[in-house]
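Q: FYI, the numbering for the sequence shown is -20 to -1, 1 to 495, going by mature numbering (1 follows the signal peptide of the UniProt record, and there is no 0).
Quick reminder that beta carbons are idealized off the backbone N, C-alpha and C, glycines included.
Got a structure for you, written out below as structure tokens; questions coming shortly.
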Amino acid sequence: MDAFSAVVVMTTLLLSPLLALVVQMLRQQIVHNKPTPPEPTPIPLVGHLHLLLKKPLHRILADLAARHGDVFSLRFGSSRVAVVSSAPVAHVCLGALDVTFANRPRLPSGMVLSYDWSTMGHANANYGPYWRHLRRITTTEISSADRVRHFADVQMQEARAMARRISRVPLGPGGRALVDLKPRLFEMIMNIMLNMICTRTCPPSDEQDGTRMEVSEEARWFMATAEETIELTSTVWDFLPAPARWLDVGRGGPAVAAPASKQEKRLVEGHRETKKGAEVTRRRVVGVLLELQKEDSEACTDQLIHSLCISALEAGTLSSAYTIEWAMSLLLNHPEVMKKARDELDACAGKPERLIEAADLPNLPYLRCIILETLRLYPVVPLLVPRESSADCTVSGFHVPRGTMLLVNTFVINRDPGTWDEPETFLPERFEDGRSEGKMAISFGLGRRRCPAEKLGMQMVGLALGTMIQCFDWERVGTELVDIAEGSGLTLPKKVPLEAFCQPCDSMVDLLSRI
């Protein structure tokens, strides 16, 4: 090496660290020059934590978005939060920045309620090899198109069983039965999910004569546990200092998680014993997972099996039951829409030749429009399950630091007057042209974290809602409209559970007596 080359090499080696330092300083200067999202005036020490005490949160955040814009920031204790309230910005965060926002925030309640953040459904498993492993199993063994078709008959049987039980409720004045819909819907969806997962229903089938008319105690317990779990997954205590946090997580979380965990383990072990004692003719989810465990016990542990069961049961049951309850509430307030749906069902299935089946759903476009419009007005998750940035990034021109929690307000996005005509009006016809359905993609999430059970949920909701419209004449309790105020939580329940009068349609009395 000549002297000139040696000088060049030495100079490069000496200047490289200096140049790297200069570049880093310039980057930091650029970042510091970028504005951060606007935020309301915080309260010292707690920031905007008091907002979590107001209900419902999606409405509170909607009001803040009207004042501060489509992107604004909050501080829950020491945690940074970015709130997005427009579809274009949400598509950037969950599309172009999908990997950056692929993680979940590690909230203390999630540690207790989701096997140390190992499940798919809570604010839990971070993006990485373990999450991809869970996702692959979920999409192939639980919610694939083949699995949805494979269990279509189970969904149809449970929808008919619910209709049978409702038809046997004693009639009151006027020859009508008063029905509390939410627990019945929950029991139906619960039975479908249990049958798909582990060859049993809730409770174990003991109604061979078809005389049972009330919701089982076990189903009511499952419903109360699922609702309490959802309520505990994101509370104000998650953002308080550890001593104060322990007061909630140390009591409420385990009190719910422990019995639920034991129940899930009983379901898995019960299926394991069933497989030992007799041949299982239909491959359930637990059976598939146990087969995978035999092939690779480390890749498919008991904890993974239990966590997948919890995710499927909790996420699948409440979301579908709430959607049907909202749809029935809207239909009772709009009887002309109910009649149009009934006419479509009668034209498809005949009157009263048979009840609808899963194969009929593609031929019931107006029923699908009703479901889509229900999800637009009352999305399953009004604030998409929170994500967290794994690196600094820029959102709509604002600097968003690493470790920022992202909340996407789908409730506001789905009612944006810039996107929808008459956004506050229940109008299923807006989806009849087929072009508006693409605007609903955000309701199921986007990117890697998109809901994997969308097709399964739409089919369960379609069969249940169609069966209820086809079999019964429904009326409001009293002359006032059904209360459509929203409750609070990670999901979107009704504030006042739906009760309605019903009686079997004249043309369906004989058919209902034979199912």
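Taking MET142 as the reference, which of ASP160, VAL128, GLU324 and HIS130 has the closest Cα?
A: Here residue 142 refers to the residue found at position 162 of the sequence shown. With distances taken between Cα atoms, MET142 lies closest to ASP160.
Q: Distance check for THR297 and LEU165, CA to CA, integer angstroms please.
A: Residue mapping note: residue 165 aligns to position 185 of the sequence shown, counting from 1. Residue mapping note: residue 297 aligns to position 317 of the sequence shown, counting from 1. When rounded, the distance between both Cα atoms is 9 Å.
Q: Whose C-alpha, out of ASP133, PRO163 and VAL149, is nearest the C-alpha of ILE172?
A: Within the sequence shown, the letter at position 192 stands for residue 172. The shortest C-alpha separation from ILE172 is found at ASP133.
Q: Which residue or residues does DSSP assign as beta-bridge partners of LYS474?
A: By one-based count along the sequence shown, residue 474 stands at place 494. For LYS474, which the question treats as bridged, DSSP gives the partners GLU466.
Q: DSSP on LEU363, reduced to helix/strand/coil?
A: Sequence index remark: in the sequence shown, residue 363 carries index 383 (1-based). In the structure shown, LEU363 sits in a strand (DSSP, three-state: E or B).
Q: In angstroms, rounded to a whole number, what distance separates the CA positions of LEU310 and TYR358?
A: The count along the sequence shown starts at 1 and reaches residue 310 at position 330. The count along the sequence shown starts at 1 and reaches residue 358 at position 378. About 10 Å.
Q: Since ALA157 sits in a beta bridge, which residues does DSSP pair it with?
A: As a position in the sequence shown, residue 157 is number 177, starting the count at 1. Beta-bridge pairing links ALA157 to CYS482.
Q: Any heavy atom of the ligand GDP closer than 8 Å to the CB of ASP133?
A: This structure lacks the ligand GDP; in fact it carries no ligand of any kind.
Q: So the alpha helix (DSSP H) VAL265 belongs to, where does it begin and stop?
A: Within the sequence shown, numbered from 1, the residue matching residue 265 stands at position 285. Note, VAL265: alpha helix (DSSP H), 265 to 275.
Q: Going by the DSSP bridge assignment, what does PHE52 pair with across the sheet?
A: Stepping through the sequence shown from its first residue, residue 52 is reached at position 72. DSSP lists VAL63 as partners of PHE52.
Q: Could you compute how far the alpha carbon of ALA76 sits from the alpha carbon of GLU402?
A: Here residue 76 is taken as the residue at index 96 of the sequence shown, counted from 1. Here residue 402 is taken as the residue at index 422 of the sequence shown, counted from 1. Cα to Cα, the separation comes out at about 30 Å.
Q: Between the Cα of LEU491 and those of THR447, ARG334, SER369 and PRO408, spot the shortest distance and give me the residue it belongs to.
A: Here residue 491 corresponds to residue number 511 of the sequence shown, with the count starting at 1. Ranking the options by Cα distance to LEU491, first place goes to ARG334.
Q: Going by beta carbon distance, what residues of the same chain come within less than 8 Å of LEU154, once the five residues before and after it are set aside?
A: The residue you call residue 154 lines up with position 174 of the sequence shown. With the sequence shown as reference, residue 154 is identified as Gly, and Leu is not the correct amino acid for it. Once the five neighbours on either side are set aside, the close Cβ partners of GLY154 are PHE481.
Q: Less than 9 Å between the beta carbons of ARG115 and ARG367, yes or no?
A: Mapped onto the sequence shown, residue 115 falls at position 135. Mapped onto the sequence shown, residue 367 falls at position 387. No; because the gap between Cβ atoms is not below 9 Å, this pair is not in contact.
Q: Just the C-alpha distance for ALA307 and ALA339, rounded to the nearest angstrom, thanks.
A: Indexing the sequence shown from 1 puts residue 307 at position 327. Indexing the sequence shown from 1 puts residue 339 at position 359. Roughly 21 Å between the two C-alpha positions.
Q: Who are the near neighbours of ARG494 in its chain, counting only those whose CB is closer than 8 Å to its CB and skipping five residues on each side?
A: Position 514 of the sequence shown, counted from the first residue, corresponds to residue 494. Excluding residues within five positions, none has a Cβ falling inside 8 Å.
Q: With 16 as the cutoff for other CB atoms within 10 Å, does THR374 come out buried or exposed?
A: Reading the sequence shown from its first residue, position 394 is the one you call residue 374. Flag for THR374 reads exposed.
Q: Give the DSSP-derived three-state secondary structure of ILE495 in the structure shown.
A: Counting from 1 along the sequence shown, the entry for residue 495 is found at position 515. Reduced to three states, the DSSP call for ILE495 is coil.
Q: Tell me, to the nearest whole angstrom, how far the beta carbon of CYS349 is from that of GLU409; I am working on the premise that it is less than 8 Å.
A: The residue labelled residue 349 in the question sits at position 369 within the sequence shown. The residue labelled residue 409 in the question sits at position 429 within the sequence shown. The pair is a contact, with the Cβ atoms about 7 Å apart (cut-off 8 Å).
Q: For LEU436 and VAL128, I'd like the C-alpha separation in whole angstroms.
A: Residue numbering aside, residue 436 sits at position 456 when the sequence shown is read from its first letter. Residue numbering aside, residue 128 sits at position 148 when the sequence shown is read from its first letter. Whole-angstrom Cα-Cα distance: 6 Å.
Q: Using DSSP with H/G/I as helix, E/B as strand and the rest coil, what is SER185?
A: On the sequence shown, position 205 is the one that residue 185 refers to. Confidence at SER185 is low in this model, with a pLDDT of 43, below 50, so its placement is unreliable and no value can be given for it.
Q: Using the Cβ count rule (16 or more neighbours within 10 Å means buried), how would you classify ILE117?
A: Here residue 117 corresponds to residue number 137 of the sequence shown, with the count starting at 1. Result: buried.
Q: Going by DSSP in three states, GLY446 sits in which element: helix, strand or coil?
A: Counting from one through the sequence shown, the residue named residue 446 turns up at place 466. GLY446: helix per DSSP, three-state reduction.
Q: Could you please give the first and the last residue of the uninterrupted alpha helix (DSSP H) stretch that includes CYS289?
A: Residue mapping note: residue 289 aligns to position 309 of the sequence shown, counting from 1. Start and end: 282 to 313.
Q: Taking the continuous alpha helix (DSSP H) assigned at VAL392, which residues delimit it?
A: The count along the sequence shown starts at 1 and reaches residue 392 at position 412. Here the alpha helix (DSSP H) through VAL392 covers 390 to 393.
Q: Tell me which same chain residues have a C-beta within less than 8 Å of the C-beta of ASP396, skipping the five on either side of it?
A: Position 416 of the sequence shown, counting from 1, holds the residue named residue 396. Within the same chain, ASP396 has close Cβ partners SER66, ALA67 and PRO403.
Q: With a Cβ-Cβ cutoff of 9 Å, do LEU363 and GLN439 count as a contact?
A: Walking along the sequence shown from the start, residue 363 turns up at place 383. Walking along the sequence shown from the start, residue 439 turns up at place 459. Cβ distance not < 9 Å, so LEU363 and GLN439 don't count as in contact.
Q: For LEU31, which residues in the same chain have their Cβ closer than 6 Å to its Cβ, ignoring the five residues on either side in sequence?
A: Position 51 of the sequence shown, counted from the first residue, corresponds to residue 31. Closer than 6 Å at the Cβ level, and outside the excluded window around LEU31, lie ILE40.
Q: Run the CB neighbour count on VAL476, radius 10 Å, all protein chains shown included, and call it buried at 16 or more, exposed below.
A: For the purposes of this step, residue 476 is taken as residue 496 along the sequence shown, with counting starting at 1. Exposed is the call here.
Q: Could you work out which residue in ARG60, HIS71, CYS485 and GLU455 is closest to PRO85 when comparing CA atoms only?
A: Translated into the one-based positions of the sequence shown, residue 85 becomes position 105. Of the candidates ARG60, HIS71, CYS485 and GLU455, the one whose C-alpha sits nearest the C-alpha of PRO85 is ARG60.
Q: Assign THR354 to one of three DSSP states: helix, strand, or coil.
A: By one-based count along the sequence shown, residue 354 stands at place 374. Reduced to three states, the DSSP call for THR354 is helix.
Q: Measuring CB to CB, does VAL265 end up less than 9 Å from ILE122?
A: Translated into positions along the sequence shown, residue 265 becomes position 285. Translated into positions along the sequence shown, residue 122 becomes position 142. Their beta carbons are under 9 Å apart, which means VAL265 touches ILE122 by this criterion.
Q: Can we say the stretch 458 to 466 touches the stretch 414 to 434, given the rule of at least three CB pairs closer than 8 Å?
A: Because the criterion of three Cβ pairs below 8 Å is not met, the stretch 458 to 466 and the stretch 414 to 434 do not touch.
Q: Go ahead and pull the three-state DSSP assignment for THR374.
A: The residue you call residue 374 lines up with position 394 of the sequence shown. If DSSP states are grouped into helix, strand and coil, THR374 belongs with the strands.
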